[in-house]
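Written out below as structure tokens is the structure these notes cover.
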Amino acid sequence: MEDDDIEESSWPSAATANRGGSSGGGYTDIRKEILDRLMAKGIEEVVSDPSAFSEQLHWHFERLPASYSIDLDVDKPEDVLLHCRILDECANNPDKRPIFHVRFLKRRQTEFRGSEPNERMMEDLSLETRNVVDDSEDSSARRDIVIHEIIVSSIAKPKLLAELSALLSAVGLNIREAHVFSTTDGFCLGAFVVDGWGIEETDDLLQKLKETTARSHIRETIASGSSGDL
11 MEDDDIEESS WPSAATANRG GSSGGGYTDI RKEILDRLMA KGIEEVVSDP
61 SAFSEQLHWH FERLPASYSI DLDVDKPEDV LLHCRILDEC ANNPDKRPIF
111 HVRFLKRRQT EFRGSEPNER MMEDLSLETR NVVDDSEDSS ARRDIVIHEI
161 IVSSIAKPKL LAELSALLSA VGLNIREAHV FSTTDGFCLG AFVVDGWGIE
211 ETDDLLQKLK ETTARSHIRE TIASGSSGDL
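Its first residue numbered 11, the sequence shown is counted upward by one per residue in our numbering.
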């Protein structure tokens, strides 16, 4: 997921999708490559029972839309494990919904001139950037943008992307990239690349997300699947 993109996905499952001219063939190849890479890394839950994990992996891909497979980075097969765990936690712990996972991705240095970022920065942002710079027209400054990924799972519902975006905005985050996928069994998996949290450490950001969700109506509408008033 390198390019900035805002997407809410409701495509057919991988089982019914046609890719590369054969029904489901490309997705089978992706599953096999993910499995082979995880086996090569010697991850315990994979190598201890490859057959059982292969079935789990098959179910994971079948429940998600075709666009999920397209967006995957096969060089990061552990992401699939993480997504499985988050979806399982969401399914098994309704009182904790929505489930959040936060991780630091990278720092990116950006040059600002006047009141707007330069062209390079404009290419990076897909929604909005809130900048604090000198009022002088010829002022320029360099600053580090700290980029995190927030993965979230809850009940699938209409307007979910808008509600999750509102939640992240309430925390003070800027969305650079977003993907939200609905599963065949009524859950969702969202991945948001954000900036606006100035440090790499993630514990405080995770806590802020939970606190902001708990004190607003957003938790009720997201966790329950009700439509709310957004």
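No residue lacks a Cβ here, since even glycine has one placed at the ideal position from N, Cα and C.
Keep in mind it's a predicted model, so treat the numbers as computed, not measured.
Stretch-stretch touch, CB-based, cutoff 8 Å, three pairs: the segment 43–53 with the segment 154–173: no
Collapsed DSSP secondary structure at S192 in the structure displayed: strand
Euclidean distance between Cα positions of N128 and T120: Interpretation of N128 is limited by its pLDDT of 48, a score under 50 that renders its predicted location unreliable; the figure taken from the coordinates is listed afterwards. The straight-line gap from Cα to Cα measures roughly 8 Å.
Residues near V203 by beta carbon distance below 6 Å, same chain, minus five either side: E159, R186, E187
Straight-line gap, L97 to C198 (C-alpha atoms, nearest Å): 8 Å
Proximity below 8 Å, CB of L216 to CB of F110: Less than 8 Å separates the beta-carbon of L216 from that of F110.
Residue(s) in a DSSP beta bridge with I155: R118
Contacts around S64, its chain only, beta-carbon distance under 7 Å, and the 5 residues preceding and following it disregarded: L45
Cβ-based burial, V56 [other Cβ within 10 Å; buried from 16]: buried
Per-residue DSSP class, three states only, for S164: strand
Whether W207 touches L177 by CB criterion (8 Å): no
Buried versus exposed call for E221 [16 or more other C-beta atoms within 10 Å across all chains shown]: exposed
For V203, three-class secondary structure by DSSP: strand
Beta-carbon spacing of K155, R117 below 8 Å: For clarity, residue 155 is Ile in the given sequence; the question names Lys instead. Cβ atoms of I155 and R117: closer than 8 Å.
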